[in-house]
Amino acid sequence: MPKFEVSKIIISDRDPKFTSYFWTNLYDILGTKPAFSTAYHPQTDGLAERMIQPIEDIIRGFRTYGIEDKDHEGHTHDCVTLLPSIKLSYNTSQNSATGKSPSLVEKGWNPLMPVDELNKNLLTIHPTVNDFNDMWKSACDTAVRCVSEAK
């Protein structure tokens with residue numbers, strides 16, 4: 021779901037998570053229409069299947085690498101916690117069909133990555149910021165690796 025707006029249509033597979041009572045009620049409340057794909061079926065929107073499969077591969081790869089980043093309080097962050105990193109890495113990775121990233125196609129630009137802009141020369145960075153930056157960088161590196169392997 022986009023960060024700042026509600027989608028009119030959400031395309032997903034028929035996983036019970038998306039057909040559950042909770043989700044069907046959420047669709048109604050938001051005014052969103054679910055569009056379920058049918059795997060390997062000629063009438064299915066092939067684009068949806070081609071989009072869903074790489075995302076599944078990326079998440080599967082992310083779990084395979086066993087991201088076990090711990091923050092300053094010792095909390096472990098898994099692929100669910102790090103989904104924003106996965107999404108950002110996917111949306112800023114070059115697509116083989118278009119030669120451009122999804123973000124560039126949709127918005128006309130790629131967002132700046134927080135780790136790209138962090139001034140490494142600052143000596144007074146709070147330890148929590150360092151922990152967050154290390155976790156974010158590790159998650160982004162892993163997500164980029166998973167995106168590459170999923171292609």
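Residues 21 to 171 (our numbering) are what the sequence shown spells out, left to right. Quick reminder that beta carbons are idealized off the backbone N, C-alpha and C, glycines included.
- Item | For K28, three-class secondary structure by DSSP | coil
- Query: Taking C-alpha atoms, which residue in S105, P54 and L103 lies nearest to D33?
  - Reply: P54
- Query: Taking the Cβ atom as the reference point for each residue, do G81 and E169 lie within a distance shorter than 8 Å?
  - Reply: yes
- Message: Along the chain, where does the beta strand (DSSP E) containing K53 start, and where does it finish?
- Response: Per DSSP, K53 belongs to the beta strand (DSSP E) from K53 to F56.
- Query: Do three or more CB pairs link the segment 105-124 to the segment 152-171 at distances below 8 Å?
  - Reply: yes
- Item | Rounded C-alpha distance that separates Q114 from P122 | 7 Å
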